[in-house]
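The listed protein sequences derive, respectively, from chains P and E. Numbering-wise, the first sequence is residues 154 to 263 according to the numbering used here. Numbering-wise, the second sequence is residues 477 to 894 according to the numbering used here. Report on the structure given below.
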Amino acid sequence: MDSKQTNLLQGTLDLLILKALAAMELHGLGISRRVEQITHGTFVVKPGSLFPALHRMEEAGWLSSFWGESENNRRAKYYRLTKAGKKQLETEKEEWARVALAMANALKAT
Amino acid sequence: MALASQIGSLFRNLVRKRQVDQQLDEEVRSCVQILADEKMAEGMTAPEARRAAQAEIGGIDQVKQSVRDRRAGSGIESLWQDVRFGTRQLLRSPGFTVTALLTLALSIGANTAIFSIVNVLMLKSLPYPHPERMGTIYTRFTGRGASDERHNINGEQWELLRDNVPALISAVSGGTPGVNLEAGSAVRYVADGRVSAHYFDVLGIQPMLGRTFTEDEDRPHGPPAVILGNGLWRTLFSSDAAILGKPIRLKGEPFTVIGVLPPDAITPANADLYTALQPSRNGEGSGTNFDAFTRLRDSATWQEADAEINRAWTTREHRYEKSDDPNATVSYHSVPLQGGQAAELRPQALALMLAAGFILLIACANLAGLTLVRMMRRSAEVATRMALGASRWHCAGFSFSSPSIFFLSPMCPSMGAS
Chain P
154 MDSKQTNLLQ GTLDLLILKA LAAMELHGLG ISRRVEQITH GTFVVKPGSL
204 FPALHRMEEA GWLSSFWGES ENNRRAKYYR LTKAGKKQLE TEKEEWARVA
254 LAMANALKAT
Chain E
477 MALASQIGSL FRNLVRKRQV DQQLDEEVRS CVQILADEKM AEGMTAPEAR
527 RAAQAEIGGI DQVKQSVRDR RAGSGIESLW QDVRFGTRQL LRSPGFTVTA
577 LLTLALSIGA NTAIFSIVNV LMLKSLPYPH PERMGTIYTR FTGRGASDER
627 HNINGEQWEL LRDNVPALIS AVSGGTPGVN LEAGSAVRYV ADGRVSAHYF
677 DVLGIQPMLG RTFTEDEDRP HGPPAVILGN GLWRTLFSSD AAILGKPIRL
727 KGEPFTVIGV LPPDAITPAN ADLYTALQPS RNGEGSGTNF DAFTRLRDSA
777 TWQEADAEIN RAWTTREHRY EKSDDPNATV SYHSVPLQGG QAAELRPQAL
827 ALMLAAGFIL LIACANLAGL TLVRMMRRSA EVATRMALGA SRWHCAGFSF
877 SSPSIFFLSP MCPSMGAS
């Protein structure tokens, strides 16, 4: 991910990861691909940014991890949302909506 | 709760480090493996696929390091790494390390020792109630051989001080000779503080048991009485309260125990037990053998006390002070006890403190120079580190790690040295 995208994504990477995991459990690579998918290619999260974020969120108690098998029967570490994580997702969604509204108003003003 | 989870993770990251790192390694490698599998399915050969996969994720070790940098406890981990590195560096040049340690230990130790002396002498108050109201008397000479210092007083001066200076509670002590004590079957050589009746009143020490001397006991040929120090009472008399009123033999004569001092009592006489001085103008009282201590009474001032002392003492017949120079002007004034007791040692103590301070300064300057030379020699190493991607912060961190170890480790030997 180049530097322009990094700055934008720092605050929203958590939100995107939480959203990606809301539907299903995924391993690291899978999360990266799902984020790319649901943002229609706008945000490509490289492992160098993704894995630190995943571990940080796990330490904060929003995700839990377990070892499972990937599509081609390889061992991989899967992540899922915890109850606290689901709550955090809702909180951040509201926060994001507020920010977006505020920005929209600011830009509409003359 | 986020905090509980964080603390748990911190603990795990620091204590189960190997496990955590192993899992991280597995996780990143499995990611590479999945990518490689996909590329092989597209037609690449195995080694090509692996290399491409690694490049795509940005390098296995880089990813692992970026996780390590941001997980709980990363600060502590890198600090610990720096400490270990600094220690290895120091161990590799033992000459420098030993010299530096010794220098610091000795100079810090010297400063600590001297400061504790200065602290007790000049900074801490005397361990008595209202120490600012305690004093001693200085004799000031003008004329040939001018001086202003504390003198012992003789029996005549003492009696005048005791009787004609109502502004002060006064006491004298006459030295602390060693005497033979016989109590039951035990015989001991102890220090006997010979003090006047109101000695403990001046010091503000209340006996734990019994009482202090009456004025009757302080008169020549008065009833022989002794006050025991707390230490002696505990060791020789097994803290037995029934010792009050019983006789013990000192210098072969029976003395009645009239009191016991509390455990924290400290006196200038510094004795194991105390007997009444029984001063007079004869015998030892004919010469200047008494050490005076005073305490200002509640409603009085030092000026009143000094006026009374001067009135009392200047009208004496035999004034030994004038024996050297009959034309000298002699006057007396009270001086606070803390200053008076410490006055002789004050200039030496201050000089020592200054000297020790300078030594520490020089030691630090030397060490700074040596450290600077060592750091400069490592500039090539620092350049390499920065080229490999270390931040400036990181380089600063490890440069300061070995000197910081110096700062912390000599504390132990210097405590020993002091």
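For glycine and all other residues, C-beta sits at the position ideal for the given N, C-alpha and C.
Query                                                                                                                                                           : Result
Roughly how many angstroms lie between the CA atoms of E:ARG670 and E:ALA827, to the nearest whole one?                                                         : 35 Å
Under 9 Å between beta-carbons, which chain P residues line up against E:GLY534? List them in chain order, please.                                              : LYS199, PRO200 and GLY201
Can you tell me which of the three DSSP states P:THR195 falls into?                                                                                             : coil
Buried or exposed: where does E:TRP709 fall if 16 or more other Cβ atoms within 10 Å of its Cβ makes it buried?                                                 : buried
Beta carbon of P:TRP215, beta carbon of P:ALA237: below 8 Å?                                                                                                    : yes
Give me the residue from E:MET684, E:PRO755 and E:SER623 with the minimum Cα distance to E:HIS697.                                                              : E:PRO755
Leaving out five residues on either side along the sequence, give the residues of the same chain with a beta carbon under 8 Å from the beta carbon of P:TRP220. : ARG228, ALA229, LYS230 and TYR231
If you drop the 5 nearest sequence neighbours on each side, which residues of the same chain put their C-beta closer than 6 Å to that of E:ARG620?              : ASP801
Excluding five sequence neighbours on each side, which residues of the same chain lie with their C-beta closer than 7 Å to the C-beta of P:LYS261?              : none
Check E:ASP677 in the structure and name its three-state DSSP category.                                                                                         : helix
For P:GLY183, name the three-state secondary structure that DSSP assigns.                                                                                       : helix
Could you tell me the alpha carbon to alpha carbon distance between E:ILE838 and E:CYS871, rounded to whole angstroms?                                          : 28 Å
Give the straight-line distance between the Cα atoms of E:LEU753 and E:LEU578, rounded to the nearest whole angstrom.                                           : 52 Å
At a Cβ cut of 7 Å, what residues of the stretch 224-236 of chain P count as close to chain E, listed as they run along the chain?                              : ASN225, ARG227, ARG228, ALA229 and LYS230
Among E:GLN814, E:THR588, E:GLY650 and E:ILE645, which has the Cα closest to the Cα of E:GLU760?                                                                : E:GLY650
Buried or exposed: which applies to E:LEU599, given that a residue is buried once 16 or more other Cβ atoms fall within 10 Å of its Cβ?                         : exposed
Does chain P have any CB closer than 8 Å to the CB of E:CYS840?                                                                                                 : no
Please report how far the alpha carbon of P:GLY201 lies from the alpha carbon of E:GLN495, in whole angstroms.                                                  : 21 Å
Helix, strand or coil for E:LEU647, going by three-state DSSP, please let me know.                                                                              : Note on identity: in this sequence residue 647 of chain E is Ala, with Leu being the wrong assignment. Three-state result, E:ALA647: strand.
Using a Cβ-Cβ distance under 8 Å, would E:ARG854 count as near chain P?                                                                                         : no
Helix, strand or coil for E:SER810? Go by DSSP, reduced to three states.                                                                                        : strand
Under the rule that 16 or more other beta-carbon atoms within 10 Å means buried, what is E:THR751, buried or exposed?                                           : buried
Measure the alpha-carbon distance for E:GLY680 versus E:GLY631 and round it to whole angstroms.                                                                 : 24 Å
Run through chain P and tell me which residues come within less than 8 Å of E:GLN538, C-beta to C-beta.                                                         : GLY201
Among the residues of its own chain, which have a CB less than 8 Å from the CB of P:ALA173, if the five just before and after it don't count?                   : LEU179, ILE184, ARG187, VAL188 and ILE191
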